[in-house]
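K.L.:
Quick note: the sequence shown, position 58, residue 57 per numbering that gives the first Met the number 0, numbers continuous.
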Amino acid sequence: MDVFSSGTDTTSTTLEWAMTELLRHPMIMEKLQNEVRCIHNGKQNIADNDIEKMHFLKAVIKETIHHHSPVPFLARLASRDVEIMGYDIEAGMMITTNSWAIGRDLAS
């Protein structure tokens, strides 16, 4: 059950942040609306192949995930001893990556 709820939580979090950012940036929202309207073009439903054509929508979602990662920390268990940038990592140590901070680093 945790995997299922995690999948829906990350999706809903990404959608909430995307909508928040679009409201903060009305020109971006207008550009995205125009793309959707152009591809939708009065059809009753949007098909999978229509979504493949929505390049700006994909960019908005990627940028949202970049700035508002739904999973702020990524943990991994070291499988073997290794040295990284002068730090000794022993097998079995938990390594945590702060994806939230990476998304706010202007160099990334």
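For each residue, glycine too, the CB sits at the ideal point set by N, CA and C.
Mapping DSSP to helix, strand and coil, what is I74?
P.N.:
Here residue 74 corresponds to residue number 75 of the sequence shown, with the count starting at 1. The sequence given here places Ala at residue 74; Ile does not occur at that position. A74 falls in the strand class under three-state DSSP.
K.L.:
Mind checking which residues open and close the beta strand (DSSP E) that includes N44?
P.N.:
Looking up residue 44 in the sequence shown gives position 45. Counting along the chain, N44 falls outside any beta strand (DSSP E), and DSSP gives it neither H nor E.
K.L.:
What's the gap between the Cα of D87 and the Cα of V81?
P.N.:
Taking the sequence shown and counting its residues from 1, the one referred to as residue 87 is at position 88. Taking the sequence shown and counting its residues from 1, the one referred to as residue 81 is at position 82. Computed Cα separation, rounded: 6 Å.
K.L.:
Sort E89, C37 and P71 by Cα distance to T12 and report the nearest one.
P.N.:
On the sequence shown, position 13 is the one that residue 12 refers to. Taking only the C-alpha atoms, the option nearest T12 is P71.
K.L.:
Taking the alpha helix (DSSP H) that E62 falls in, what are its first and last residues?
P.N.:
As a working note, residue 62 is residue 63 in the sequence shown. Start and end: H54 to H66.
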